[in-house]
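Here the structure is laid out as structure tokens; the discussion comes afterwards.
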Amino acid sequence: MLSLVVNAIKIKAILVYGIIMCTVYFIITLAYIHLYIISKRKIEYYEEKQKEYENIILYTNIIEDMLYDRRKFIHDFQNIMLSLKGLIDNKDIKGLKEYYYKEVLREKRKLDNRNIYYLKHVKNLSLKGLLTAKIQKCSYLKLDIHVEIFEDIEDMSIESVDICRIVGILMDNAIEAAKSSLEKKIFVGMHNEENNVTILIANSFSVKTDLKKIFEKDYSGKGADRGLGLYIVKDIIDRKYENVLLNTFIEDNLFIQEIIVLD
Numbered sequence: 001m002l003s004l005v006v007n008a009i010k011i012k013a014i015l016v017y018g019i020i021m022c023t024v025y026f027i028i029t030l031a032y033i034h035l036y037i038i039s040k041r042k043i044e045y046y047e048e049k050q051k052e053y054e055n056i057i058l059y060t061n062i063i064e065d066m067l068y069d070r071r072k073f074i075h076d077f078q079n080i081m082l083s084l085k086g087l088i089d090n091k092d093i094k095g096l097k098e099y100y101y102k103e104v105l106r107e108k109r110k111l112d113n114r115n116i117y118y119l120k121h122v123k124n125l126s127l128k129g130l131l132t133a134k135i136q137k138c139s140y141l142k143l144d145i146h147v148e149i150f151e152d153i154e155d156m157s158i159e160s161v162d163i164c165r166i167v168g169i170l171m172d173n174a175i176e177a178a179k180s181s182l183e184k185k186i187f188v189g190m191h192n193e194e195n196n197v198t199i200l201i202a203n204s205f206s207v208k209t210d211l212k213k214i215f216e217k218d219y220s221g222k223g224a225d226r227g228l229g230l231y232i233v234k235d236i237i238d239r240k241y242e243n244v245l246l247n248t249f250i251e252d253n254l255f256i257q258e259i260i261v262l263d
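Residue numbering for the sequence shown follows UniProt numbering, starting at 1 and increasing by one per position.
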């Protein structure tokens, strides 16, 4: 009888111990889950802040480019007005006509740039601002730039800051290469088909480059791509986006970069 009582006490003690351990384990699990949720929220918060910071840097760079273009335009406009004043004061009608058709109309064409008109189809405001600044830069550098965007380009399956970094690098490379070429041509095209967006950036160039080496980290050749930032472009795509393709080729004496963002 005594042994039965002892066994019952032992069983009860084991059950109590088991309940206590289960309770402790449950509490620890809840605490871990709670800490995990808090940590995850903090990580998401800091990631969001990082994105906001990167966007601020991006917007700042775009605004700086546009302000630079504006200051340059004001400077050029003041010079034009002074030249016109000199011709008028000297009553040089022939010189005034020549200057008007040669200089004033050229500046007017910069303001009436049809390329800017096509950017109405780009709904990503960051990308639109970036392209606007780059197109204006091309105009002031007297580059022959042509833009074709005939349908609306809605949000793409890529972070805004990343597509702007990629396009910004490719546009800078195109501008640098076109400047040193004989033709001085740049082409920018965007096409949307079933939410799959294709961005095409092409430029004339003076020296051919090795297409197999241009994305290497230490590549610094000054060929068609000028060796600027292409490693960064490839790194962004390879590291973060399985749905983004980058094709690079040379066709009809143009160095062409094709970005395809799949939905």
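All C-beta atoms in this analysis are idealised placements derived from N, C-alpha and C, irrespective of residue type, glycine included.
Cα-Cα separation, residue i to residue j
i	j	result
Q136	F255	21 Å
L230	I214	7 Å
S263	D155	In the sequence on display, residue 263 carries Asp and not Ser. Cα-Cα distance, rounded: 10 Å.
I74	K94	26 Å
Y175	C138	The sequence given here places Ile at residue 175; Tyr does not occur at that position. Looking at the two C-alpha atoms, the distance is approximately 7 Å.
D112	K123	Residue placement at D112 is poorly supported in this model, since its pLDDT is 49, which falls under 50; the coordinates are not used for a value here.
I260	T198	4 Å
L30	K42	18 Å
G18	I27	14 Å
Q50	N253	41 Å
K85	R71	21 Å
I14	C22	12 Å
I20	N196	58 Å
Y32	S157	34 Å
Y25	E44	28 Å
V147	K179	17 Å
Own chain partners of residue i with C-beta closer than 6 Å, once the 5 adjacent residues on each side are dropped
i	result
S181	S204, F205 and S206
I237	V244 and L246
I149	Y118, H121 and M190
L170	I201 and Q257
L131	L119
Residue i CB to nearest heavy atom of the ligand SAM below 6 Å
i	result
D76	What this structure holds is no ligand at all, so the ligand SAM is not there to describe.
8 Å Cβ shell around residue i - same chain, five flanking residues per side excluded
i	result
V16	none
D162	I236, K240 and Y241
L211	T248, F249 and I250
E151	H121, H191 and N192
Given residue i as reference, the closest of the options once Cα atoms are compared
i	options	result
G168	E193, E176, Q257 and K134	K134
T209	D89, K49 and A177	A177
S126	K97, E98 and E159	E159
C164	K91, V233, I116 and E48	V233
I153	E194, E47, I38 and I88	E194
Cutoff 7 Å; reference residue i; Cβ partners in own chain excluding five residues on either side
i	result
I166	V233, I236 and I259
I116	T132 and I135
Touching by the beta-carbon criterion (3+ pairs, under 8 Å), the stretch 139-148 and the stretch 175-187:
Segments in contact, yes.
Taking the runs of the alpha helix (DSSP H) that are 4 residues or longer, which of them lie wholly in the stretch 142-206?
Those alpha helix (DSSP H) runs which fall completely within the stretch 142-206 and span 4+ residues are 160-179.
Entirely within the stretch 222-261 and at least 4 residues each: give me those alpha helix (DSSP H) ranges in chain order.
230-240
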